[in-house]
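Residue numbers (this note's numbering), protein chains in the order written: chain A, 51 to 458; chain B, 946 to 1166.
Even for Gly, the Cβ is constructed at its ideal location relative to N, Cα and C.
For clarity, every value in this text was computed on a predicted model and none was experimentally measured.
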Amino acid sequence: MSELLETYAMVAGQEAIIKLQQLSAPMKGKKFVHVNSTRIGGGVAEILMKMVPLMNELGIDTSWEVITGEDKFYQCTKSMHNAIQGDPVDITDDLLKAYEETNSRNAEELRPVLEEADYVIIHDPQPAPLLSLCPNRKGKWVWRCHIDASNPHTPVWNYLSQYVKDYDASCFSLADYAQQLPHTQYLIPPSIDPLSEKNMDIEQSEIDSVYDQFNLDCNRPIMLQVSRYDRFKDPIGVIEAYKLVKTAIPEIQLVLAGGGATDDPEGEEVLREVRESAGDDHDIHILLLPPDAHLIINALQRASDIILQKSLKEGFGLTVTEAMWKGKPVIGGNTGGIRLQIVNHHTGFLVDTPEGAALRIQYLLQNPEKMMEIGQNAKEFVRANFLNTRHLREILSLFTILDNQSRQ
Amino acid sequence: MTHKNNNIQPLEIKDCEILNIATGLRARNLKEFRDLLETIHPDCIHYHFWAKKLRAEFGEDEFNNDFATWASINLHENKLAERLCLINPSMFKNVEELRSKLIEVVTSSIDEDQCSQDTKEGEKFQFTRSDIVLFDTGHLISNPGQLKELIPNLPLGAVYYHFIESNNISLNIVTFVKNAGDEYTDLAIRLSKLDPYFFTLPELQSRASQIFKDFFQGESG
């Protein structure tokens, strides 16, 4: 077993690695391509950053391609993202034209790789038209939807589904998100990489360094939300919850740590609203971190007492998984994939309002033993369910099933 | 007098991975649930009784099938949840009989309580089914004695496959022991009494291991 696989075995268990080796054996030497729209920032990029080397380590010839576009393309895909998550936004023909042209242009470049591949996963709506632009494809193609598609805005979904319907299968994080499509819709939750900078064990000195760096008082409780400045993540709701807690526990500090992904043009506007809501409260720390600030996020999560992810809509919520992996109690919005991770009262708390969040924060701060117990439960739950070794096992199973179906 | 069956088909030990599939069929309340039960694919019924064995869940779950869990947690219908829990799929000849029993229990609950409260968004019952991938473990068993050492060390996927998923086919461990010859009749009887429905996979593995250990210790003594 290689050093990398040995290291994963130490964290995820020997059996998990043996299964991966068994499943990948028939795929050795085959070409596997992942395609998405950003190499940095956002959950998909983080998953691929570690999964691709792991797949190569198992002998599968795996590459990761990224489609690129101009402003109009990203405006279109951001609106599409919001519409799939239920926002009733209509997308102008002009923006849709940019979407189609961008995909056509990218297809020109990627066609040789994609048509030769034995297995292709197209992640999210941005590159979805690529399948229709690769008529001589020989492999199996799966569309992977990472976002909450439970109640998509119908005109936008109808537009997107014309591209998605021809895939061999699609893949969603939760059953709730499955749509009417003419192929099998598999359910595979995403995952975190326990060995990445964002999740690996770090020295206490690195944890301590963020107190100085961000002017935080290590002797007072810290609540943290890590996420993009996005309305669906409800940063304003987090500030409301903080203000409610502050009346009972004046020493509380709040850290909102976000960054921008290259495919998210809406972030600055939300950031302005967040700053306005925070006013001149010096215990609210609004951080704008670069996309590669993984070690800082890791340290911030470990330095915090309670972690929030008070999303109103959430595809899965990998920041919840990350926080749980660090043994922290998480208070999460009662939505999407957060519900899959937080077992209420056992691995954290699910809330629907800022008031609900404020109540749970106060409860936990009053009960340090409970905080520890919930945190430990959370870590073990992630180990069993949400590490990338489990994720990859399910992806390999999916393509094994598709291969077997072809042979029948 | 014992009779050794030398023509027994070797048992190839497989591990398995279950991949969940969304059907897109969802029930918001008991009436919708009952109506969908009448038409859903038989694999969905099998899935909601058995697949949770392979799901790593937190803590103890008081309900041993997904239908009962939904009735209790999302509909707050605890009487119904208890009745659904009592339906043991091992006791039914086939999925259609099991389906009829489910419909009967749900219908009687609807008639009794007139309950058809909608669940909140996101709490609907999601009918799911699964595909299974089998892979070789490299173990080929030619007599039950070999299982004594192997069962405690099997991955849980293999325990699931050979005790549950392979029910009534030649890859089932109990069937293999039954077919192994008269000298293993007592072992087969003891294993048959082990009802997988009531155990988690680690519990099932541990109990089966003990049965093999006891049987072969007794035999050597």
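Apart from the 5 residues on each side of it in sequence, Phe-1161 (chain B) sits with its Cβ closer than 8 angstroms to the Cβ of Gly-1090 and Lys-1093 in its chain, given in chain order. Our two residues, Ile-1114 (chain B) and Pro-76 (chain A), have alpha carbons roughly 26 angstroms apart in a direct line.
Residue pairing from DSSP places Leu-964 (chain B) in a beta bridge opposite B:Asp-1076. Shown here, Asn-86 (chain A) sits in a strand according to DSSP, grouped into three states.
Neighbourhood of Thr-1073 (chain B) in chain A, by CB distance below 8 angstroms: Ala-225 and Leu-237, in chain order. Of the other Cβ atoms in all chains shown, fewer than 16 fall within 10 Å of the Cβ of Cys-268 (chain A); this residue is therefore exposed. Distance from the CA of Lys-293 (chain A) to the CA of Gln-391 (chain A), rounded to the nearest whole angstrom, comes to 26 angstroms. Among the residues of chain A, those whose CB is under 7 angstroms from the CB of Asp-1076 (chain B) are Ile-451, following chain order.
With distances taken between CA atoms, Tyr-217 (chain A) lies nearest to A:Cys-195 out of A:Cys-195, A:Pro-285, A:Ala-199 and A:Ala-133. Using a Cβ-Cβ cut-off of 8 angstroms, Ala-967 (chain B) counts as an interface residue toward chain A, since at least one Cβ of chain A sits closer than that to its own. Contacts with chain B at 8 angstroms (Cβ-Cβ) include Arg-443 (chain A). Taking a Cβ-Cβ cut-off of 9 angstroms, the neighbours of Thr-234 (chain A) in chain B comprise Ile-966, Ala-967 and Asp-1076, given in sequence order. Within chain A, the residues Glu-65, Ile-68 and Lys-69 have their CB atoms less than 9 angstroms from the CB of Pro-1100 (chain B), given in chain order. In the structure shown, the three-state DSSP call for Tyr-169 (chain A) is strand. Comparing alpha-carbon positions, the option among B:Leu-1079, B:Asp-980 and B:Leu-1043 lying closest to Phe-1070 (chain B) turns out to be B:Asp-980. Relative to Ala-408 (chain A), the option among A:His-396, A:Gly-382 and A:Trp-193 whose CA is nearest is A:Gly-382.
Gly-309 (chain A) places its beta carbon 8 angstroms or farther from that of Leu-266 (chain A).
The alpha helix (DSSP H) runs of length 4 or more contained entirely in the stretch 204–282 of chain A are, from start to end of the chain, 204–214 and 254–263.
If you compare the alpha carbons of A:Ser-200, A:Phe-282, A:Val-320 and A:Val-206 with that of Phe-222 (chain A), the shortest gap goes to A:Ser-200. About 19 angstroms separates the CB atoms of Asp-198 (chain A) and Glu-444 (chain A); that is not less than 8 angstroms, and the two are not in contact. With respect to chain A, the C-beta atom of Asp-1127 (chain B) has no partner C-beta closer than 8 angstroms. With respect to the 8 angstroms criterion, Tyr-1106 (chain B) and Cys-961 (chain B) are classified as neighbours on the basis of their beta carbons.
Cβ neighbours of Pro-103 (chain A) within its own chain (closer than 8 angstroms, five residues either side excluded): Leu-54. By the Cβ-count criterion, Ala-298 (chain A) is exposed, with fewer than 16 other Cβ atoms from all chains shown falling within 10 Å of its own Cβ. Ile-1134 (chain B) has its alpha-carbon roughly 10 angstroms from the corresponding atom of Ile-1156 (chain B). The beta carbon of Phe-222 (chain A) falls within 8 angstroms of a beta carbon belonging to chain B, placing the residue at that interface. Annotation for Phe-399 (chain A): no alpha helix (DSSP H) segment contains it, though the beta strand (DSSP E) segment containing it runs 398–401.
Per DSSP, the unbroken alpha helix (DSSP H) holding Cys-989 (chain B) starts and ends at 987–995. Every unbroken stretch of the alpha helix (DSSP H) spanning 4 or more residues and falling wholly within the stretch 307–371 of chain A is given here in chain order: 317–328 and 344–353. For the options A:Thr-403, A:Pro-138 and A:Val-380, the alpha carbon positioned closest to that of Thr-397 (chain A) is the one of A:Val-380.
The alpha carbon of Ile-110 (chain A) has as its nearest neighbour, out of A:Ala-428, A:Lys-80, A:Asn-384 and A:Ser-361, the alpha carbon of A:Lys-80. Less than 8 angstroms divides the Cβ of Arg-1074 (chain B) from the Cβ of Thr-968 (chain B). Note that the C-beta distance between Leu-1085 (chain B) and Pro-955 (chain B) is below 8 angstroms. The Cβ of Asp-1058 (chain B) sits no closer than 8 angstroms to any Cβ of chain A. Contact between Gln-1150 (chain B) and Leu-1116 (chain B) does not hold, since the beta-carbon distance rounds to 17 angstroms and is not under 8 angstroms.
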